[in-house]
Structures are given as structure tokens and as C-alpha cells.
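Structure first, then comments.
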Amino acid sequence: MDSFRRKTREKVLGERPSETLCDQSRIQELFRNARKTGKKPLLVLFRKNGLGVSCFLFCPDKSHKRSVDRNKTKRILRELVRNHETLIPKGFDIAILSHIDFSKIVPEERKNMFLTLFANTT
């Protein structure tokens, strides 16, 4: 997201939105020392980041053979995060690992599964 959009969104929302986790060292630290919750087809790894905002990493697993499937799963997860941002705790680095079955589940069931994971996180 470019800086103009980010600043505009900050003005509209009144706070900094969640971001995508890009820093390689933080990603490695997340996979080494994270707490885990969930089970197949959706697993969440999280650890405190010391910031006032949560950063996300969306990880479709190797069951996604085609890029179309991986991108669809990431799109679904981003939309769930965007719609339920207020329910997700702030100040965490969060990796969401998903199996191909997650994108094939009925949308309402996906939403319930996602919300259950983050209810367990807090």
C-alpha cells in the first residue's frame, strides 16, 4: 500500500490499520517462537511484536498446487482480516497457514472457523 493510501486510511479510521508482515527477521522469529492455535485446514501462529498494530502473513501450504488457488486463499484470508479487524488483538505478528480445503468451505463456515481461532488467541 503506498504512503498516500496509508495516510488517507489512517485519517479515515483514526488509527493505523493492520499491515502485511514483510521483515524477514520477524518472519523467522515468528516461525521459531510462536504460540499456535487451530488445526487443519486453518492454523494461526502469533507472537507479540511490541507495536500498536498487528502484522499479518498469509501462508497457503503446499496443498495449493496452482497459483490461482493460493491467491484465492490469500484473498479470502485478507478479506476476513479486513472485516473482523476490531476483533483481532493488536500488537501481534500473526501468520495464518491454510490448507486448500479452507477455500472450498462454505463462506459462513469459514467465517466461524476464523473467528473461533481469534477468540482462542486472546
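Each residue of the sequence shown is one higher than the last, beginning at 1 in the UniProt record's numbering.
The beta-carbon is built from N, C-alpha and C at its ideal position, and this holds for glycine as well.
Since this is a predicted model, take the numbers as computed values, not measurements.
Helix, strand or coil at residue i [DSSP, three-state]
{"i": "Lys39", "result": "strand"}
{"i": "Val68", "result": "helix"}
{"i": "Leu45", "result": "strand"}
{"i": "Gly14", "result": "Below a pLDDT of 50, predicted positions are generally treated as unreliable, and Gly14, at 46, falls in that range; the measurement from the model is reported next regardless. Here Gly14 sits in coil by DSSP."}
Sequence-distant residues of its chain with Cβ nearer than 7 Å to residue i (five each side left out)
{"i": "Gly14", "result": "Reliability fails at Gly14, whose pLDDT of 46 lies under 50, so the model's placement of it is uncertain and no value is given."}
{"i": "Leu51", "result": "Gly91"}
Member of the options whose CA lies at the smallest distance from the CA of residue i
{"i": "Ser103", "options": "His84, Val53, Arg70, Ala95", "result": "Arg70"}
{"i": "Phe114", "options": "Lys90, Phe92, Asn83", "result": "Asn83"}
{"i": "Cys55", "options": "Leu21, Asn112, Ala34, Arg66", "result": "Leu21"}
{"i": "Pro89", "options": "Lys36, Lys48, Asn33", "result": "Lys48"}
{"i": "His99", "options": "Pro60, Ala119, Leu80", "result": "Pro60"}
Cβ shell of residue i (< 6 Å), same chain only, five flanking positions each side left out
{"i": "Ile96", "result": "Val44, Phe58, Leu77"}
{"i": "Gly38", "result": "Val44, Leu117"}
Check: residue i C-beta below 7 Å from any heavy atom of the ligand MN
{"i": "Lys74", "result": "Among the components modelled here there is no ligand, and therefore nothing to report on the ligand MN."}
Alpha-carbon spacing of residue i relative to residue j, whole angstroms
{"i": "Phe31", "j": "Phe46", "result": "9 Å"}
{"i": "Phe92", "j": "Leu42", "result": "18 Å"}
{"i": "Asp101", "j": "Val68", "result": "14 Å"}
{"i": "Ser25", "j": "Lys72", "result": "27 Å"}
{"i": "Glu108", "j": "Arg66", "result": "24 Å"}
{"i": "Gln28", "j": "Val106", "result": "32 Å"}
{"i": "Ser63", "j": "Lys40", "result": "12 Å"}
{"i": "Lys74", "j": "Arg110", "result": "13 Å"}
{"i": "Ile94", "j": "Lys36", "result": "10 Å"}
{"i": "Val81", "j": "Val53", "result": "13 Å"}
{"i": "Asn33", "j": "Leu87", "result": "23 Å"}
> What are the start and end residues of each continuous beta strand (DSSP E) run of 3 or more residues lying completely inside the region 49-102, in chain order?
Replying inline: Runs of the beta strand (DSSP E) inside the region 49-102: 55-60, 92-98.
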